[in-house]
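Protein chains in written order, with my numbering: chain D, 1 to 335; chain A, 1001 to 1335; chain S, 2001 to 2335; chain G, 3001 to 3335; chain C, 4001 to 4335.
What follows is a single structure, written as structure tokens, with notes after it.
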Amino acid sequence: MNSGRLYKLQHFIPWTRKKIYYLIVISAIPTALYYFLDLKWLAIPWVPVALVGTATAFIAGFRNTQTYNRLWEARQIWGAIVNNSRAWGIMVKDMVRDTDASIEKALHQELIYRHFAWLTALRFQLRESRGWENVKTRSYNREYLKYYKVPEWESDLSEELKKYMNDVELANIIKKKNKAAQILALQSARLRSLNEHGKISDLNYVEIQALLKELYDQQGKNERIKNFPYPRQFASINVMFVYLLSIVLPLGFLSEFSKIGTNCVWLTIPVSVVVGWVFFTLEQIGESTENPFEGNANDVPITSMSRAIEIDLRDMLGEENLPEPLVANNNNILM
Amino acid sequence: MNSGRLYKLQHFIPWTRKKIYYLIVISAIPTALYYFLDLKWLAIPWVPVALVGTATAFIAGFRNTQTYNRLWEARQIWGAIVNNSRAWGIMVKDMVRDTDASIEKALHQELIYRHFAWLTALRFQLRESRGWENVKTRSYNREYLKYYKVPEWESDLSEELKKYMNDVELANIIKKKNKAAQILALQSARLRSLNEHGKISDLNYVEIQALLKELYDQQGKNERIKNFPYPRQFASINVMFVYLLSIVLPLGFLSEFSKIGTNCVWLTIPVSVVVGWVFFTLEQIGESTENPFEGNANDVPITSMSRAIEIDLRDMLGEENLPEPLVANNNNILM
Amino acid sequence: MNSGRLYKLQHFIPWTRKKIYYLIVISAIPTALYYFLDLKWLAIPWVPVALVGTATAFIAGFRNTQTYNRLWEARQIWGAIVNNSRAWGIMVKDMVRDTDASIEKALHQELIYRHFAWLTALRFQLRESRGWENVKTRSYNREYLKYYKVPEWESDLSEELKKYMNDVELANIIKKKNKAAQILALQSARLRSLNEHGKISDLNYVEIQALLKELYDQQGKNERIKNFPYPRQFASINVMFVYLLSIVLPLGFLSEFSKIGTNCVWLTIPVSVVVGWVFFTLEQIGESTENPFEGNANDVPITSMSRAIEIDLRDMLGEENLPEPLVANNNNILM
Amino acid sequence: MNSGRLYKLQHFIPWTRKKIYYLIVISAIPTALYYFLDLKWLAIPWVPVALVGTATAFIAGFRNTQTYNRLWEARQIWGAIVNNSRAWGIMVKDMVRDTDASIEKALHQELIYRHFAWLTALRFQLRESRGWENVKTRSYNREYLKYYKVPEWESDLSEELKKYMNDVELANIIKKKNKAAQILALQSARLRSLNEHGKISDLNYVEIQALLKELYDQQGKNERIKNFPYPRQFASINVMFVYLLSIVLPLGFLSEFSKIGTNCVWLTIPVSVVVGWVFFTLEQIGESTENPFEGNANDVPITSMSRAIEIDLRDMLGEENLPEPLVANNNNILM
Amino acid sequence: MNSGRLYKLQHFIPWTRKKIYYLIVISAIPTALYYFLDLKWLAIPWVPVALVGTATAFIAGFRNTQTYNRLWEARQIWGAIVNNSRAWGIMVKDMVRDTDASIEKALHQELIYRHFAWLTALRFQLRESRGWENVKTRSYNREYLKYYKVPEWESDLSEELKKYMNDVELANIIKKKNKAAQILALQSARLRSLNEHGKISDLNYVEIQALLKELYDQQGKNERIKNFPYPRQFASINVMFVYLLSIVLPLGFLSEFSKIGTNCVWLTIPVSVVVGWVFFTLEQIGESTENPFEGNANDVPITSMSRAIEIDLRDMLGEENLPEPLVANNNNILM
């Protein structure tokens, strides 16, 4: 997530520079042909260009709406994870009861730390790569990776989980296909055992168990956004229409500028680049927003949110040495 | 679901080629009449064409929004099925209790395998055909079926169900009208019996039963999308307006190109084809998205999601020989 | 509901023919005045027409979005009725318990058949007429009634209810203002009595009672859509703007066609009819979608859905002579 | 709520007549200056007008969407009040139990009548006036008040409440700041007492109490729409842009009509009035929809809905002398 | 929140005056160059400007929709806080029971006053500043602060909390990272203790505890809107496109006005300012709406809503000296 006021222009222009080069070439070719070879028919009337432009604007607007919705829903899900984590905190602390205060404290810590394990496994799963994601396959995004680091790509899941689980459990979990899902199953098994031993009353057991179900909901919603891309048929026509528009734009401008004067046709190039850049930028912004867990600068900041949850819950447990919250780096990127 | 970066152009152009042929013909006719027979009145002014174009863009934008919503809701429902299936796993495992570990294990397995039976019956029901669906009635879609296989069309429901149910139950279920709904009724009857025999406490019984109600919700939502098409009155005007636009487009272009020069009117044909293709492609993309369970390349991948659920739940049961997840084929199609 | 691929053109054109006649007249008048009486000032510039056209397209797009939402929400509510009906089935069957199997069976049947009575009363209430509905007041809709029958207009509520309730209850219910609401109150009174006699445990009683509350929710949502029309102020401006557009359209076209040649002004008539027809059709489609329970060909198919619920629940009861599902008629209309 | 087919034109035109007078003046001034004083520069090119028109159409479309949503949400909330009122009816009747039938009946009546008191207090609160509301501050709306009456402005809250509460309670409630909220608190206190005296079982008590919480939700949602206007910054720019458009419209038309002929510039006035009227009407319709509880002809009909709830619940209690439902008046207005 | 009819023009124009100055300069430069240096090529055709204008209108419309949604959701969350606060009132009053009336009263007061403490801590947290917020970083917003005061910036959290908590608790809470979250944890610990001492029955305990979970949900949703800005990539392109449009607008107008006459090109300046002002105003309104808790004049009025909750709940407790509700100041601003 960018947490500054606006993106810096000195980041933005280089990030879109390949499209600018392309637009210069694609508008220079017909202009030169028109000017030097006098191919008059290249200057088509404006109206077909306007129609293609309108259709492209519709499609681009639609895409931006949907990718924004994906991002915002992803943030809502993580908001719900925050809320349910805090609820997990108070329900564990006040519903898991033992006459011996130190045993009770140990139980509370165990259940809350295993929750941190779930958060950790989940965020590592979300930051894996998918075939339709852009952060590693697009040169401009790879390049932009110099401005920030993705914590889940820098460290090892086992190492991270070790802080929150004992070795037996860890060895068992690490073999599982979907680690986060199986950690919640572990929590459930533990709650059953506490219920059977009378440390959670029957009524309270039902409530805490229901919270596990909600955590499965949140995990599943994350996986839905992670595993189901913005439909590729829509993404494909968006790309096709923008490229088509970039091809017909200079043809339409040629006819407009040629009305002013022969030399003015060269203005076709800068104007095509400016107008085309508007549409390519819309497209590239949409592309870089559609996968909110891919390790992009526009990602939902799941690492720092997980840290914030850890702080809140350890504060609830009364711990003293709380970790520091993660903050944005010098480029205002917060992961 | 297409899980690649974008659709390949060598798939896309052939998929829309009939519309291209049509556009060539429909624009060549008035152009030829204008050129050879000098029917000047065929070249109508641009403004009525622009108004029809705007109205068509509105309608097409509206349709794409709604079909996207249908697809996305279908995926959300299946996401909820994943979540509830995992919840089913932990609730069965930790709320169905027996002092004898092997009896308990058998009960868990029975209830979880019957859940797989429900998933199987449901996905077979969803992949049946409906009168308004397009995958089998449209030649370009039939043709595209060479790029992937629909698993539910290749195998037999009874065979598949046999893996998860005993023969008596299977014989009973196979006679029912709505098999999936009756499998859940079987689950409910089983839960009652377990409750009556004290293997599920009264409080826990209420919770598991509530989960069955949620599964009925998800099944019903699937059936809603399956059985209630995108309203045919809206689909009909979309088709009518696009065809109407394709007829008036070349007439409007004729007048624009004739202003440049007599021979330039032949440019009407390529330009009409390009602009018309934009609108026909929008329409065809919408059509191929509106039924997310028809066996289309853009379907929600319910077969592989069912498999993923099976893996997760059998992993929870502690089984060793887990089936492999389904992956996309060479054309990036995942069913 | 139309369950075919698309509306047939031989149905569609006659359905909108009055608007076509009107458009011919409204465009012929200024054209004739211009041509014969040389009233040049009738040919106004295009720009004001374009602005009115844009505003009308916005309003028409807005209306179609909202009427689609009304239809889709109506279908969602009926989907929820299907889900809750199935849940009613399993909860009655597995929570209403008696040691005597035949008494139990009779209780189950009574409660489930009374549910069919509720469905019947509800669908009769929904198919009554309201002042703002169009199916009986618009000649083109009345005419279209030859293509299908509305079952609730062909039969008698008392007769239908007799199948599901005993005579005492029926006599009592038939006097009530809101019959469906009072049938659910009957169900509630029955559940209380069963709870007091120990045939539903206290915990289970709370769950089944909660389901009745949900059925009230669904009934109330149906009544909301039935009794609260698409706001008449918005419907009114839609109609006014379309008619206004139909008046200014030929004036704008006159000036455009007169630039081509004097005789070409007669082209104003066909072009005005085509463009005006696009907007009138949008308006008429919107109108025929906005009330999803009025007995229109585009209604939610509540009769066949009620039948489907009856089949599923009687299948659950183990009955043998199940009724046949309702299917679409020859014109693809399913009610 | 207007429950007719459409607004009558003889109501509509007078309702917007002040805007028409304004438009005549604002377009006559530049036209006269242009014609008589030959101020040619007043005739500006069309393109800036078109851009302002497009931006205004966007803003007006946005506003109509949001005000429609406010109205529709208000109706949804009242639909939920209907549903919860019926649920209140069956839950009170079947969960508040006494061995003495007449005591039980009295208890049921007391709790249900106090619910009517809540509905009454709520609708009086909702029909109070706010600083941003339009029904009393706009002359055209004040004028329109001759076509209907707002029942809450014609009667006295104390008188109305007397029908449903005893004098002690009434005297207590009438002193409270938020009467509706405190009536629900009274219900809650009564339920507690009934629970303590064993007339509501512990399990059932929790369920009924939860319904009170839902009624607070509905009340609070009503208050949200009542007390939080459509944001004034958006309302302000809407008004400013429409007035700005009305000023530049005739300037743009001047240049278009002057191309036809000198005398034709006078056509600027009728055309400006027609086009400007479209935008002012959109604005005025939006304004009159944005506050659904202000006593406007487009209000949610909360008086008649409250009456309908009273009828249903007294029918449930088995009363005989039910009040009549409220119906629309001669002008089709239902409050 | 502005609670007047509309923003006053004498506030509005100064608030946007810097943009007006900028627009005068940016349009005067090319006009002067064109007029004095005869740089004809500066007058570009209108069509590229129209395309950029359309794309900018799309983006601006999109932004306004999303910022409106943020504001409205923020108000919905606070509406839910109102509802849950009232529910907290009746549940505490009627579910926390003691045979000794004065002990009971003290307990009720304690739990309800601690709820006020939570509201206080929450609103102080929400009115802190973030890097992307505008109220303190934008000169026009800083200037506008003269028209109202932000209560949370004028007083001290500890002082405010002292009214509602005892000193021990306060000293403990004030050290915590997230004070509001830890106050709810305190409530939870207190409920546990009351449950263990039999002052809340087991069933009722579960219900009140569930309400705490809902309060965590509301707090978390507030934090989501507070901590996750309108995505900076979208905000950035909005700003870039509006500035780009302001640069190309005068170039396009130059060509249009130069067609009328050489001196008329000076009209480029006022017309560019008017049209550019429309787009800059849209942008600035969006900017000032996107953060509904930043201390802006358009904020959700969380201070006065907290006060209203306090009044309602103390009224419920039967207190006599209720505080006065907060009302809008002379400039109609309500915080």
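The beta carbon of each residue, even a glycine, is placed where N, CA and C say it ideally should be.
Model, not experiment: these values are computed from the prediction.
Here DSSP, grouped into helix, strand and coil, assigns residue 1227 of chain A to helix. Take the alpha-carbon of residue 4232 of chain C and the one of residue 326 of chain D: they are about 19 Å apart. Judged by beta-carbon spacing, residue 3316 of chain G lies within the 8 Å limit of residue 2182 of chain S, meaning their Cβ atoms are closer than that value. Fewer than three Cβ pairs drawn from the region 3263-3272 of chain G and the region 4019-4035 of chain C lie within less than 8 Å of each other, which leaves the two stretches out of contact.
One finds 1002, 1004, 1006 and 1007 in chain A with Cβ atoms closer than 7 Å to the Cβ of residue 232 of chain D, taken in chain order. Shown here for residue 4306 of chain C: same chain residues with a beta carbon closer than 6 Å to its own, the five before and five after excluded, namely 4119 and 4123 in chain order. If you draw a 10 Å sphere on the C-beta of residue 4298 of chain C, you find 16 or more other C-beta atoms in it, and that means buried.
Residue 1134 of chain A carries a coil assignment under DSSP once its states are collapsed to helix, strand and coil. If the five residues before and after residue 3024 of chain G are omitted, its C-beta is found closer than 7 Å to the C-beta atoms of 3269 and 3273, all from its own chain and listed in chain order. DSSP places residue 3164 of chain G outside any alpha helix (DSSP H), giving it a letter other than H or E. Contact note: residue 1016 of chain A does not reach chain D at a C-beta cutoff of 8 Å; the least C-beta distance is about 11 Å. Assignment of residue 1090 of chain A by DSSP, reduced to helix, strand and coil, places it in the helix class. Classified as exposed, residue 13 of chain D has fewer than 16 neighbouring CB atoms from the shown chains inside 10 Å of its CB. The closest CA to that of residue 3235 of chain G, considering only G/3170, G/3287, G/3302 and G/3065, is found on G/3287. The shortest CA-to-CA distance from residue 3092 of chain G to any of G/3244, G/3157, G/3206 and G/3280 is the one to G/3206. The CB of residue 3204 of chain G comes closer than 9 Å to the CB of 2202, 2205, 2206 and 2209 in chain S, given here in chain order. In this structure, the beta-carbon distance from residue 94 of chain D to residue 4191 of chain C falls below 8 Å.
Residue contact check for residue 2052 of chain S against chain A: no CB pair falls below 8 Å.
Against residue 235 of chain D, the close residues of chain A are 1006, in the order they occur along the chain (beta-carbon pairs closer than 7 Å). Put simply, the region 1035-1050 of chain A does not touch the region 1150-1166 of chain A. Fewer than three CB pairs are less than 8 Å apart. Taking the beta carbon of residue 3298 of chain G as reference, the chain S residues within 9 Å of it are 2231, 2232 and 2233, listed in sequence order. For residue 4333 of chain C, the beta-bridge partners assigned by DSSP are C/4002. Residue 3293 of chain G sits in coil when the DSSP states are folded into three classes, being neither helix nor strand. DSSP places residue 3238 of chain G inside the alpha helix (DSSP H), whose first and last residues are 3232-3260. Cα atoms of residue 312 of chain D and residue 1069 of chain A: separation of roughly 37 Å, rounded to the nearest angstrom. The beta carbon of residue 3332 of chain G lies closer than 8 Å to those of 3002, 3003 and 3004 in the same chain, with the five residues before and after it left out. At least 8 Å separates the CB of residue 3226 of chain G from every CB of chain C.
Considering only beta carbons, the part of the region 4033-4046 of chain C lying closer than 7 Å to chain D consists of 4041, 4044 and 4045, in chain order. What residue 4030 of chain C touches in chain D, judged by beta-carbon distance under 7 Å, is nothing: the nearest beta carbon there is about 14 Å away. Between residue 1158 of chain A and residue 1174 of chain A, the gap from beta carbon to beta carbon is short of 8 Å.
Boundaries of the alpha helix (DSSP H) harbouring residue 1153 of chain A: 1151-1154, taken from the DSSP string.
DSSP places residue 1281 of chain A in the uninterrupted alpha helix (DSSP H) bounded by 1268-1287.
Distance from residue 2016 of chain S to residue 2241 of chain S at the Cβ level is roughly 18 Å; contact not present, criterion being Cβ atoms closer than 8 Å. Residue 2262 of chain S is outside the set of residues whose beta carbon lies under 8 Å from a beta carbon in chain A. Pairing residue 4048 of chain C with residue 271 of chain D gives a Cβ-Cβ distance under 8 Å.
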